[in-house]
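See structure below.
Numbering (our numbering), first residue to last: 64 to 229.
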């Protein structure tokens, strides 16, 4: 918690330098949803641009744990690309939101940096091709979704790349 106040002090000084209130401090809970200062677990900075508000949320070690784009300064409407990082600062999940609904491709990564899985969303439902990989980079499973449900043929592989199940 002591580190949180250090981060807060730095972020407040950054926000104070913003001439037109285009850089603001915001507070987030453990699920990275906006909350008031009293309920904060993480502190972030939001910066206005022509298309909305870009957010950087930090943990108590000053590592960025989330980057994302919001429609307004209250950070309640996600509208753009988001990247989530673990405590070590390694990327583990990324995708796009449109009005708080997942859309387009979403990917996750192993700590090694290799892709763990990728799936498409339409209006917050899984839709289209989906792939999952072993940490060695070989394909673990592949198939497709329609309206949030598995659709058609799915293939699973052993870690050596051989087909396990169809």
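Just so you know, even glycine gets a beta-carbon here, dropped at the ideal spot from N, CA and C.
Among the options, whose alpha-carbon lies nearest the alpha-carbon of residue i?
i: residue 143; options: 136, 137, 159 and 155; result: 159
i: residue 137; options: 118, 150, 147 and 154; result: 118
i: residue 197; options: 177, 207 and 123; result: 177
i: residue 191; options: 114, 89, 202 and 211; result: 211
i: residue 205; options: 188, 227 and 199; result: 227
i: residue 151; options: 229, 166 and 122; result: 122
i: residue 153; options: 109, 171, 133 and 85; result: 171
i: residue 193; options: 103, 173 and 168; result: 168
i: residue 110; options: 207, 139, 84 and 156; result: 84
i: residue 135; options: 107, 115, 103 and 125; result: 115
Using the C-alpha atoms, what's the distance from residue j back to residue i?
i: residue 224; j: residue 184; result: 27 angstroms
i: residue 215; j: residue 120; result: 40 angstroms
i: residue 186; j: residue 141; result: 13 angstroms
i: residue 131; j: residue 201; result: 30 angstroms
i: residue 199; j: residue 220; result: 13 angstroms
i: residue 209; j: residue 181; result: 15 angstroms
i: residue 86; j: residue 213; result: 43 angstroms
i: residue 173; j: residue 89; result: 29 angstroms
i: residue 70; j: residue 124; result: Because residue 70 sits at a pLDDT of 49, beneath the cut-off of 50, its placement in the model cannot be relied upon, and the following sentence gives the value as read from the coordinates. Using only the alpha carbons, I get a separation of about 8 angstroms.
i: residue 188; j: residue 207; result: 12 angstroms
Between which two residues does the beta strand (DSSP E) containing residue i stretch?
i: residue 143; result: 143-148
i: residue 101; result: Run containing residue 101: none; DSSP gives neither H nor E here.
i: residue 117; result: 115-121
i: residue 177; result: Counting along the chain, residue 177 falls outside any beta strand (DSSP E), and DSSP gives it neither H nor E.
i: residue 140; result: Run containing residue 140: none; DSSP gives neither H nor E here.
i: residue 126; result: Here residue 126 belongs to no beta strand (DSSP E), and DSSP marks it neither H nor E.
i: residue 151; result: Looking at the DSSP string, residue 151 is not in any beta strand (DSSP E), and its letter there is neither H nor E.
i: residue 91; result: 86-91
Should residue i go down as buried or exposed, given a rule of 16 or more other Cβ atoms within 10 Å for buried?
i: residue 218; result: exposed
i: residue 165; result: buried
i: residue 96; result: exposed
i: residue 203; result: buried
Quick one: does the C-beta of residue i sit closer than 7 angstroms to a heavy atom of the ligand SAH?
i: residue 149; result: With respect to small molecules bound, the structure shown includes none, and the ligand SAH cannot be examined in it.
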